[in-house]
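Participant: Residue numbers (my numbering): 185 to 590.
Following this message is one structure expressed as structure tokens.
Put into structure tokens, the structure is as follows:
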């Protein structure tokens, strides 16, 4: 049979959906790209359709609003859960922006995929409503299958054990249509050495200083500025690295911030050096979200300083209670007190660091790529005719055994 088209559509609604998509698209392409046509798509931007661009901007803007006003985020996610999957999806897609919905379906029809792998619910919804429905596979990067991620798909994946167990209690999911896989961290993480001294030297940072990395998602909106202003006054040998993402105004303010002589203050805007910064840090500090996965991968304890929705509260709970590598403190002043205590006695962080390191085996997109391939082969058996590997024939992927298995 002709090669089928497997679509990986990128959606910016924060960066927690883009990072896992980048990981799975690269891994699947490397392992199975000779057997299928792999299409990585900037779905809302590449066609130039203004309605699609505006819709992606709208869902991205919602994330920023939730960051500024968490009560709105909690209310919005509560209403979604109360409404249920079908109504919440209908409202989010067809009532709020009906023209964008029609253009989204049209755009996906133009691509004509045979299989669609989504890390955001919106592209799964489009795929489910095509006249010639493709195979639909959806990965939830959050801690639980919320209402929008519970919308029908042929296969769902999730990486956090509590969310997996809770989902199986619903009629929608079972062991066949929901798979428990490692978190889809970006593949570059595996090529970055966790040696902190080497990472600091490469970045031009003091090797001896206790080093704190602060991130408030991709938009730099949260408690980070208040925390940094307090830290700037401290007379401790600290390295403070705030990453402002797309928040250019905050970055400019940080460049002008005066600090005590003992403080090494190194602000970043949007950067591709996140993994090197994680490797250099002793402690992560910031808003809940999938950035906690990257901190954990590099063995860093985390202080969660903000949760802007029920989704983020569940993510924080995963790393605080299940993994045991994170703490929660929403007061900037008390957060600074914790940082000072850890800087004076880093041994206090040892239990959190050990917990993070114990969880390291739960990262990588190899297994998810294999699960996707298995589903494709079972749906399109003609793929196996010309000697293409089946699930049982292919070599072991080397995927690590899952930790904290449900």
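Positions of the beta carbon are idealized from the N, C-alpha and C atoms, including for glycine.
#1: What alpha helix (DSSP H) runs, 4 residues minimum, are completely inside the region 193-242?
#2: Whose C-alpha, out of 377, 270, 452, 386, is nearest the C-alpha of residue 333?
#3: Measure the C-alpha to C-alpha separation of residue 390 and residue 422 and round it to an integer number of angstroms.
#4: Which of the three DSSP states is assigned to residue 452 in this structure?
#5: Would residue 591 be called buried (16 or more neighbouring beta carbons within 10 Å of its own) or exposed?
#6: To which residues of the same chain is residue 585 closer than 8 angstroms at the C-beta, ignoring the five residues directly before and after it?
#7: Going by Cα to Cα distance, which pick from 452, 482, 231 is closest to residue 295?
#8: Could you tell me the alpha carbon to alpha carbon distance between residue 499 and residue 327, rounded to whole angstroms?
#9: Return the chain-ordered ranges of every beta strand (DSSP E) run that is complete within the region 236-319 and spans a minimum of 3 residues.
#10: Could you give the DSSP three-state label for residue 513: helix, strand or coil?
#11: Taking only three categories from DSSP, how would you classify residue 470?
#12: Which residues in the same chain have their Cβ closer than 8 angstroms to the Cβ of residue 541, if we skip the five residues on either side of it in sequence?
#13: So for residue 428, helix, strand or coil by DSSP?
#14: Who does residue 321 pair with in a DSSP beta bridge?
#15: Starting from residue 363, follow the beta strand (DSSP E) in both directions and report where the run begins and ends.
#16: Evaluate residue 242 with the Cβ neighbour count: other Cβ atoms within 10 Å of its Cβ, from every protein chain shown; 16 or more gives buried, anything less gives exposed.
#17: For a test of your reading of the model: does the CB of residue 248 fall under 7 angstroms from any non-hydrogen atom of the ligand HEM? Yes or no.
#18: Strictly by DSSP, which residues pair up with residue 400?
#19: Can you pull the DSSP bridge partners for residue 561?
#20: Apart from the five residues just before and just after residue 190, which ones in its own chain have a Cβ nearer than 6 angstroms to its Cβ?
#21: Buried or exposed: residue 515, going by 16 or more other Cβ atoms within 10 Å of its Cβ?
#22: I need the straight-line Cα distance from residue 577 to residue 205, nearest angstrom please.
#23: So the beta strand (DSSP E) residue 487 belongs to, where does it begin and stop?
#24: By the DSSP assignment, the alpha helix (DSSP H) with residue 409 in it spans what residues?
#25: Determine which residues share a DSSP beta bridge with residue 367 and list them.
#26: Name the one or two DSSP bridge partners that residue 394 has.
#27: Within this structure, are the beta carbons of residue 490 and residue 325 separated by less than 8 angstroms?
#28: By Cβ distance, which residues of its chain are closer than 8 angstroms to residue 331, with the 5 residues on each side in sequence left out?
#29: Note down the Cα distance separating residue 304 from residue 202, rounded to an integer number of angstroms.
#30: Helix, strand or coil for residue 520 per DSSP?
#31: Out of 442, 348, 467, 420, point me to the one whose CA is closest to residue 534's CA.
#32: For residue 297, does the count of other Cβ atoms within 10 angstroms reach 16, so buried, or fall short, so exposed?
#33: The alpha helix (DSSP H) with residue 380 in it runs from where to where?
#34: Tell me, please, which residues DSSP counts as bridged to residue 191.
#35: Out of 368, 214, 248, which has the shortest C-alpha to C-alpha gap to residue 552?
#36: If we call anything under 8 angstroms between Cβ atoms a contact, is residue 427 one with residue 403?
Facilitator: With the given structure in hand:
#1: Runs of the alpha helix (DSSP H) lying entirely within the region 193-242 and spanning at least 4 residues, in chain order: 202-216.
#2: The alpha carbon of residue 333 has as its nearest neighbour, out of 377, 270, 452, 386, the alpha carbon of 270.
#3: Rounded to whole angstroms, the gap between the alpha carbons of residue 390 and residue 422 is 9 angstroms.
#4: DSSP places residue 452 in the strand class (E or B) of the three-state scheme.
#5: Lying outside 185 to 590, the shown extent of the chain, residue 591 is not represented and no answer is given.
#6: Interpretation of residue 585 is limited by its pLDDT of 45, a score under 50 that renders its predicted location unreliable; no figure is taken from the coordinates.
#7: Residue 231 holds the alpha-carbon nearest to the alpha-carbon of residue 295 among 452, 482, 231.
#8: Spanning the two alpha carbons is a distance of roughly 5 angstroms.
#9: Within the region 236-319, the complete beta strand (DSSP E) runs of at least 3 residues are 299-302.
#10: The three-state secondary structure of residue 513, taken from DSSP, is coil.
#11: Secondary structure of residue 470 (DSSP, three-state): strand.
#12: Around residue 541: 483.
#13: Secondary structure of residue 428 (DSSP, three-state): coil.
#14: Residue pairing for residue 321: DSSP places it in a beta bridge opposite 301, 339.
#15: Its beta strand (DSSP E) spans residues 362-364.
#16: Burial state of residue 242 is exposed, judged by a 10 Å Cβ sphere holding fewer than 16 other Cβ atoms.
#17: No copy of the ligand HEM appears in this structure; indeed no ligand is present at all.
#18: Bridge partners of residue 400: 402.
#19: Answer is none; residue 561 lacks a bridge partner.
#20: 220, 222, 299.
#21: Residue 515 is exposed by the Cβ-count criterion.
#22: With a pLDDT of 38 at residue 577, under the threshold of 50, the modelled position of this residue cannot be trusted; read the value that follows with caution. When rounded, the separation of the alpha-carbon atoms in residue 577 and residue 205 is 26 angstroms.
#23: From DSSP, the beta strand (DSSP E) with residue 487 extends over 486-490.
#24: First-last of the alpha helix (DSSP H) with residue 409: 408-415.
#25: Beta-bridge partners of residue 367 (DSSP): 547.
#26: 422, per the DSSP bridge assignment.
#27: Taking 8 angstroms as the Cβ cut-off, residue 490 and residue 325 do not qualify as a contacting pair.
#28: If the five residues before and after residue 331 are omitted, its C-beta is found closer than 8 angstroms to the C-beta atoms of 264, 265, 267, 268, 269, 272, 273, all from its own chain and listed in chain order.
#29: Inter-residue distance for residue 304 and residue 202 is about 9 angstroms (C-alpha atoms, whole angstroms).
#30: Here residue 520 sits in helix by DSSP.
#31: Between residue 534 and the set 442, 348, 467, 420, the nearest pair of CA atoms involves 467.
#32: With 16 or more other Cβ atoms within 10 Å, it is buried.
#33: Here the alpha helix (DSSP H) through residue 380 covers 380-387.
#34: Partner(s): 223, 300.
#35: Nearest option by C-alpha distance: 368.
#36: Their beta carbons are not under 8 angstroms apart, which means residue 427 does not touch residue 403 by this criterion.
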